[in-house]
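Only one structure is covered here, and it is reproduced in the block below.
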Amino acid sequence: MFISVDAAACMGHGRCYSVAADLLSDDEQGFVAQSGQTLRIPGDLLDQAREAADACPEGAISIVEEHPDR
Amino acid sequence: MTETKQGCPFSHTDYGADTEIHGHYALLDAEREASRFRFNDTTERGFWMLQRYDDVVEGFQRHDVWTTRARSAINPDSGMALLPQDLNGEAHLKMRRVINPFFAPAAVKRMEAMAHERCIELIEELRPKGGCDFVAEFAIRYPTDLFLALLGLPVSDGDFFLPWSETLFAGFFGGDPDAAAAAKRKITDYFDAAVNERRANPRDPKQDMVSRLIEARIDGEPISQEDILTVCMTLMLAGLDTTRSALGYIFTHLARDDADRRTIIDRPDLGPAAAEEFLRMYPLVFQAGREVRAAGEFHGIDMAEGDVVWLGIGSANRDPRKFPEPDRFVIGRKGGNQHLAFGAGPHRCLGMHLARLELAVVLKEWHERIPHYRIKEGTRLVERGGQLTLATLPLEWEV
Numbered sequence: 001m002f003i004s005v006d007a008a009a010c011m012g013h014g015r016c017y018s019v020a021a022d023l024l025s026d027d028e029q030g031f032v033a034q035s036g037q038t039l040r041i042p043g044d045l046l047d048q049a050r051e052a053a054d055a056c057p058e059g060a061i062s063i064v065e066e067h068p069d070r
Numbered sequence: 001m002t003e004t005k006q007g008c009p010f011s012h013t014d015y016g017a018d019t020e021i022h023g024h025y026a027l028l029d030a031e032r033e034a035s036r037f038r039f040n041d042t043t044e045r046g047f048w049m050l051q052r053y054d055d056v057v058e059g060f061q062r063h064d065v066w067t068t069r070a071r072s073a074i075n076p077d078s079g080m081a082l083l084p085q086d087l088n089g090e091a092h093l094k095m096r097r098v099i100n101p102f103f104a105p106a107a108v109k110r111m112e113a114m115a116h117e118r119c120i121e122l123i124e125e126l127r128p129k130g131g132c133d134f135v136a137e138f139a140i141r142y143p144t145d146l147f148l149a150l151l152g153l154p155v156s157d158g159d160f161f162l163p164w165s166e167t168l169f170a171g172f173f174g175g176d177p178d179a180a181a182a183a184k185r186k187i188t189d190y191f192d193a194a195v196n197e198r199r200a201n202p203r204d205p206k207q208d209m210v211s212r213l214i215e216a217r218i219d220g221e222p223i224s225q226e227d228i229l230t231v232c233m234t235l236m237l238a239g240l241d242t243t244r245s246a247l248g249y250i251f252t253h254l255a256r257d258d259a260d261r262r263t264i265i266d267r268p269d270l271g272p273a274a275a276e277e278f279l280r281m282y283p284l285v286f287q288a289g290r291e292v293r294a295a296g297e298f299h300g301i302d303m304a305e306g307d308v309v310w311l312g313i314g315s316a317n318r319d320p321r322k323f324p325e326p327d328r329f330v331i332g333r334k335g336g337n338q339h340l341a342f343g344a345g346p347h348r349c350l351g352m353h354l355a356r357l358e359l360a361v362v363l364k365e366w367h368e369r370i371p372h373y374r375i376k377e378g379t380r381l382v383e384r385g386g387q388l389t390l391a392t393l394p395l396e397w398e399v
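The listed protein sequences correspond, in order, to chains V and R. With the UniProt record's numbering as the guide, the letters of the first sequence map in order to residues 1 to 70. With the UniProt record's numbering as the guide, the letters of the second sequence map in order to residues 1 to 399.
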């Protein structure tokens with residue numbers, strides 16, 4: 001499973017890295033540092049990834065089966 | 001027969017009027033459930049009310065054509081300059097980039113120790129008295145002190161600063177306009193002196209916000225003195241009354257609900273999650289305004305250029321389609337932190353992380369020292385319209 005953060009939609013609420021601190025982190029301006037990336041989710045962090053997706057008011061985070069570039 | 005505008009039922013509710021506590025939420029809940037959209041005709045320009053969660057989020061995301069030229073649907077022509085709120089698009093983004101780092105979680109973390117310290121001092125001052133007007137004696141003093149510290153100003157200035165800011169706030173909601181104008185001048189002069197002091201003695205712009213505002217360049221140009229003062233004024237207006245209001249609602253809830261208060265006492269680690277759910281349940285800024293800058297259609301409504309839109313934060317946060325059993329206080333509810341108490345889109349509240357810290361710190365420190373308290377018998381709790389706050393909240397406890 002992969003987690004994907006839409007850079008254009010991220011507005012820096014910071015909810016995602018607050019609830020998924022082992023998976024996501026913040027940059028200097030408070031936006032998610034993984035903005036614009038698609039990352040493989042380690043199996044034990046799947047719950048955190050789902051929580052991160054649930055926490056974003058902008059709907060910027062999605063959990064996908066396949067890496068979109070493959 | 002119901003009157004309608006383009007099929008939207010009219011709303012004649014004056015949301016600027018004071019009500020009993022929670023009266024606004026009752027009105028908002030009823031209007032949201034009665035119809036998806038409404039047209040409110042109680043103000044000169046009137047406004048389209050977006051009420052349901054999905055519509056409100058979509059409204060916040062239309063920032064390219066719905067601008068903050070009307071920041072409040074109730075008061076779309078406030079006339080008072082605010083920065084960065086008054087900016088939109090690229091210009092807004094550039095100004096936010098200058099200020100954002102001071103309100104990002106890492107920066108807020110740097111204030112944490114001081115927030116605890118100041119909070120404890122204020123509580124210890126009040127504790128032996130066995131009671132206080134929580135709104136006037138705690139809930140406004142605490143954020144004022146932190147705001148001054150954030151700007152690098154002496155906390156002791158709160159003694160004279162607080163009456164000015166209170167007079168200015170009162171002016172927005174029906175108070176004496178001349179007194180408010182005089183207070184605004186005093187605050188501006190105070191900031192002006194502080195900014196000039198920093199020009200003479202600059203500090204590290206990575207740590208000190210005023211120094212950063214002086215040093216920053218936008219498109220190669222420094223930010224004007226006037227704009228720097230407007231930013232300071234805006235931060236004050238945005239940060240003090242709101243925190244005071246949030247605390248008033250939280251402590252009313254906890255004073256009345258022994259089980260929820262017991263949870264907060266027993267599990268101080270739940271403070272941040274509890275604060276989040278309180279923000280969802282009791283949003284103070286219950287609406288944001290936008291002005292339509294390019295005519296267009298929104299789910300069947302034709303909006304003309306210049307129309308005012310109400311983004312119903314209070315309605316969305318309590319929309320049962322999004323948050324089941326919205327009146328229940330559920331710490332850690334699924335998706336609960338998607339609430340819109342801080343808005344959404346690029347104009348979302350800059351100070352939201354600081355606000356969260358402030359609320360969580362108070363929940364912890366207050367209940368550690370004054371775990372049990374009650375609202376003074378016979379108190380009638382009244383909430384101000386326009387932007388919610390309690391006029392007074394007299395609390396009592398055993399000493």
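Even for Gly, the Cβ is constructed at its ideal location relative to N, Cα and C.
{"Item": "First and last residue of the uninterrupted beta strand (DSSP E) at R/T234", "Value": "From DSSP, R/T234 is part of no beta strand (DSSP E) but of the alpha helix (DSSP H) over 225–256."}
{"Item": "8 angstroms Cβ cutoff met for residue 71 of chain V and V/F31", "Value": "The structure shown does not extend to residue 71 of chain V, since chain V spans only 1 to 70, so no value can be given for it."}
{"Item": "Proximal chain R residues relative to V/E58, where beta-carbon distance stays under 7 angstroms", "Value": "A344"}
{"Item": "Between the CA atoms of R/A179 and R/R318 - distance to the nearest angstrom", "Value": "37 angstroms"}
{"Item": "Residues of its chain near R/L311, where Cβ-Cβ distance is below 7 angstroms and the 5 sequence neighbours each way are ignored", "Value": "L50, V56, G59, F60, Q287, A288, R290"}
{"Item": "Exposure of R/Q207, with buried meaning 16 or more beta-carbon neighbours within 10 Å", "Value": "exposed"}
{"Item": "Buried/exposed call for R/K364, threshold 16 Cβ in 10 Å", "Value": "buried"}
{"Item": "Under 9 angstroms by beta carbon: chain V residues contacting R/R308", "Value": "The amino acid occupying residue 308 of chain R in the given sequence is Val; Arg does not appear at that position. Simply none; closest approach about 23 angstroms."}
{"Item": "Near-chain R residues of the stretch 34–49 of chain V - C-beta to any C-beta below 7 angstroms", "Value": "none"}
{"Item": "Nearest-angstrom beta carbon gap, R/L146 and R/A115 [assumed within contact, 8 angstroms]", "Value": "6 angstroms"}
{"Item": "Cβ-based neighbour list, R/L27, same chain, cut-off 7 angstroms, excluding 5 preceding and 5 following", "Value": "T13"}
{"Item": "Contacting residues, own chain, Cβ-Cβ under 6 angstroms from R/E215 (five flanking each side not counted)", "Value": "P205"}
{"Item": "Listed by chain order, chain R residues near V/A21 by CB distance under 9 angstroms", "Value": "Within chain R, no residue comes near V/A21; the closest Cβ sits about 11 angstroms away, beyond 9 angstroms."}
{"Item": "Endpoints, beta strand (DSSP E) assigned at R/G289", "Value": "288–292"}
{"Item": "Residue nearest to R/L359 in terms of C-alpha spacing, selected from R/V308, R/A274, R/W397, R/I331", "Value": "R/A274"}
{"Item": "Helix, strand or coil at V/A35 [DSSP, three-state]", "Value": "For the sequence presented, residue 35 of chain V should be read as Ser rather than Ala. Reduced to three states, the DSSP call for V/S35 is coil."}
{"Item": "Every unbroken beta strand (DSSP E) within the stretch 169–217 of chain R, with a cutoff of 3 residues, ordered by chain", "Value": "none"}
{"Item": "Rounded straight-line distance, which links the Cα of R/I223 to that of R/R217", "Value": "7 angstroms"}
{"Item": "Nearest candidate by alpha-carbon position, reference R/I21, set R/F251, R/A107, R/A238, R/A149", "Value": "R/F251"}
{"Item": "CB contact below 8 angstroms: R/K94 versus chain V", "Value": "no"}
{"Item": "Backbone CA spacing between R/Q338 and R/P76 [nearest angstrom]", "Value": "26 angstroms"}
{"Item": "Contacts around R/E398, its chain only, beta-carbon distance under 8 angstroms, and the 5 residues preceding and following it disregarded", "Value": "G130, H372"}
{"Item": "Runs of beta strand (DSSP E) lying entirely within the stretch 120–172 of chain R, each at least 3 residues, in chain order", "Value": "131–133"}
{"Item": "Closer than 8 angstroms at the beta carbon, the chain B residues around V/A55", "Value": "Among the protein chains in the structure shown, which are V and R, there is no chain B."}
{"Item": "Closest Cα partner of V/A27 within the set V/V19, V/G14, V/A20", "Value": "First, the amino acid is wrong: residue 27 of chain V is Asp here, not Ala. Per the Cα distances, V/G14."}
{"Item": "V/S18 (DSSP reduced to helix, strand or coil)", "Value": "helix"}
{"Item": "V/S25 Cβ short of 7 angstroms to the ligand MG heavy atom set", "Value": "No copy of the ligand MG occurs in the structure displayed, which carries no ligand at all."}
{"Item": "Under the three-state DSSP convention, the category R/N40 falls into", "Value": "strand"}
{"Item": "In DSSP terms, what R/T19 is bridged to", "Value": "R/E383"}
{"Item": "R/I301 vs R/W66 beta-carbon contact at 8 angstroms", "Value": "no"}
{"Item": "R/V330 to R/P324 span [Cα, whole Å]", "Value": "10 angstroms"}
{"Item": "Neighbour flag for V/M1 against chain R, beta carbons, 8 angstroms", "Value": "no"}
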